[in-house]
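K.L.:
Numbering (our numbering), first residue to last: 69 to 577. All C-beta atoms in this analysis are idealised placements derived from N, C-alpha and C, irrespective of residue type, glycine included. Since the structure is predicted, the reported quantities are computational estimates derived from the model, not experimental observations.
(1) Who are the Cβ neighbours of residue 272 in its own chain at under 7 Å, not counting the five residues just before and after it?
(2) Please state the DSSP three-state secondary structure of residue 575.
(3) What separation, rounded to the nearest whole angstrom, lies between the Cα atoms of residue 500 and residue 542?
(4) On the three-state DSSP scale, how would you describe residue 230?
(5) So, under 8 Å CB-CB, residue 317 and residue 386 are touching, yes? Tell me the CB distance rounded to an integer number of Å.
(6) For residue 218, tell me which candidate among 245, 240, 177 and 226 has the shortest Cα-Cα distance.
(7) Is the separation between the beta-carbon of residue 626 and that of residue 292 shorter than 7 Å?
(8) Determine the contact status of residue 337 and residue 306, defining contact as a CB-CB distance below 7 Å.
(9) If the criterion is Cβ atoms closer than 7 Å, does the pair residue 563 and residue 530 meet it?
(10) Answer yes or no: do residue 496 and residue 537 have a C-beta to C-beta separation smaller than 7 Å?
(11) Could you tell me which residues DSSP pairs with residue 214 in its beta bridges?
(12) With DSSP run on the structure shown, which of helix, strand or coil describes residue 536?
(13) Taking just the CA atoms, how far does residue 558 sit from residue 547?
(14) Applying the criterion that 16 or more other CB atoms from any shown protein chain within 10 Å of the CB defines a buried residue, is residue 260 buried or exposed?
(15) Would residue 214 be called buried (16 or more neighbouring beta carbons within 10 Å of its own) or exposed?
(16) Please list, in chain order, all residues of the same chain as residue 245 whose beta carbon is under 7 Å from its beta carbon, the five residues on each side excluded.
(17) Going by other Cβ atoms of all chains shown within 10 Å of its Cβ, with 16 needed for buried, is residue 508 buried or exposed?
(18) As a quick exercise: from 131, 276, 330 and 181, pick the residue whose alpha carbon is nearest that of residue 138.
(19) Once you ignore the five residues that flank residue 511 on each side, which residues in its own chain have a CB closer than 6 Å to its CB?
(20) With H, G and I counted as helix, E and B as strand and the rest as coil, what does DSSP make of residue 552?
(21) How many Å lie between residue 498 and residue 117 at the Cα?
(22) Quick check: what's the CA-CA separation for residue 343 versus residue 539?
(23) Helix, strand or coil, according to DSSP, for residue 545 in the structure here?
(24) What are the boundary residues of the beta strand (DSSP E) that residue 265 is part of?
(25) If you count every other CB in all the chains shown that lies within 10 Å of the CB of residue 133, and 16 or more means buried, which is it?
(26) Taking C-alpha atoms, which residue in 394, 357 and 211 lies nearest to residue 327?
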């Protein structure tokens with residue numbers, strides 16, 4: 069009954085998907101970035117000129133290009149004034165800035181249609197996993213397809229992990245193929261659709277494991293995507309956010325995922341943000357879809373990558389960049405009027421109270437004509453790397469107090485001569501105003517006509533710039549408000565205990 073209810077709700081809303089991106093007003097880069105001061109000249113977000121056709125919600129990276137659903141009008145040489153748009157087929161294409169180029173049919177020897185973003189490929193592109201609704205069943209299942217001399221061939225039965233009573237949607241393989249994430253409402257789910265993981269072995273795919281209540285909520289979590297470091301991106305309507313569905317990221321720590329954070333405000337809006345996918349080969353380009361929640365339903369595909377502030381030769385990836393920036397955005401957005409501090413307890417309380425469960429956009433499937441061939445060239449795929457958070461310490465030449473640490477005192481031996489100082493638990497409050505992926509050092513920063521010497525520290529892979537040094541929270545809050553009124557709209561108070569960043573809620577009472 070639960071499956072039927074979700075599918076019935078989806079079918080009622082399916083007409084909302086049938087829209088053209090031509091109706092969407094195109095935003096300038098400055099308009100997109102006006103909500104987030106730390107993204108200027110770093111993150112480029114542009115509309116990508118491709119219509120999103122149901123049942124797809126987005127696109128997927130494939131070899132050195134993308135795959136997507138499109139009308140076959142051009143291929144079939146239908147006259148421009150003819151009313152027919154041709155059949156809907158899956159195509160592969162290279163990407164040239166904001167348009168697809170060299171479009172060609174995806175080599176699938178089947179009449180089955182499936183959402184383009186609901187696919188994932190092995191590193192050698194010889195195996196594909198996809199979600200579709202099989203014959204005689206009412207809900208999506210995950211299937212495996214093999215690339216043969218005759219093109220892609222989909223196996224007749226879904227993966228052994230799929231129970232016919234539940235939904236199994238939008239699979240996502242890790243870079244090394246050792247595990248796969250997907251959305252499901254199977255037994256053990258916290259909310260509507262949860263994110264689950266299955267591991268690959270010689271015996272096949274293991275029994276699915278729920279990713280837990282840090283990732284999953286009483287709402288829906290779907291459209292899982294992994295970058296080359298296995299950081300996970302997904303859409304959720306259960307975590308506190310800007311609109312209905314927002315895009316979140318959770319850092320992979322080598323064994324599991326840290327607490328998720330909402331992507332920057334320039335990406336998430338009051339509308340639904342869906343189907344985020346990042347290129348696992350070069351990790352510098354991503355796509356996502358924004359779907360209007362008010363008035364006439366409209367969808368717009370966006371492409372994002374690192375902008376002029378980053379050389380194409382740099383090793384810094386899009387995922388690293390957003391994770392380095394994420395602390396400033398998520399913490400500042402929780403409380404615009406007072407001191408903001410990120411605490412897991414506060415986040416969990418909001419998860420349980422803010423949003424009701426909404427039906428997830430589960431894919432529909434139709435049978436269409438068979439595409440012919442795929443000629444997109446293959447690029448080698450690097451092996452996945454475990455992310456290691458930098459452990460550094462720098463000292464400002466003008467002050468022996470301003471010590472930049474990311475590790476806690478317990479991780480480094482403490483000389484006996486200074487032990488008595490650490491026991492005192494000296495607490496200092498500062499106001500954080502900027503974040504960068506590279507160190508910028510101490511600077512003189514002017515706010516409201518007064519000059520402050522900045523203090524920089526390393527936290528979660530990003531270099532954070534703070535100003536001020538106060539012994540009381542009230543003094544820091546006054547400077548925070550001054551900063552927000554003078555161009556630093558995301559400013560918030562951070563606390564340091566013995567020169568180490570602390571998120572202890574007791575320090576902010």
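P.N.:
Taking the structure as given:
(1) 228
(2) Three-state result, residue 575: helix.
(3) 15 Å
(4) Residue state, collapsed to three classes: coil.
(5) 11 Å between Cβ atoms; not a contact.
(6) 177
(7) Since the first and last residues shown for the chain are 69 and 577, residue 626 lies out of range.
(8) no
(9) no
(10) Result yes, Cβ atoms of residue 496 and residue 537 sit closer than 7 Å.
(11) 195 and 221
(12) strand
(13) Rounded to the nearest angstrom, the two C-alpha atoms are 13 Å apart.
(14) Around the beta carbon of residue 260, 16 or more other beta carbons lie within 10 angstroms, which makes this residue buried.
(15) exposed
(16) 190, 191 and 268
(17) exposed
(18) 181
(19) 522
(20) helix
(21) Spanning the alpha carbons of residue 498 and residue 117 requires a straight line of approximately 44 Å.
(22) 45 Å
(23) helix
(24) 262–269
(25) So residue 133 ends up on the buried side.
(26) 394
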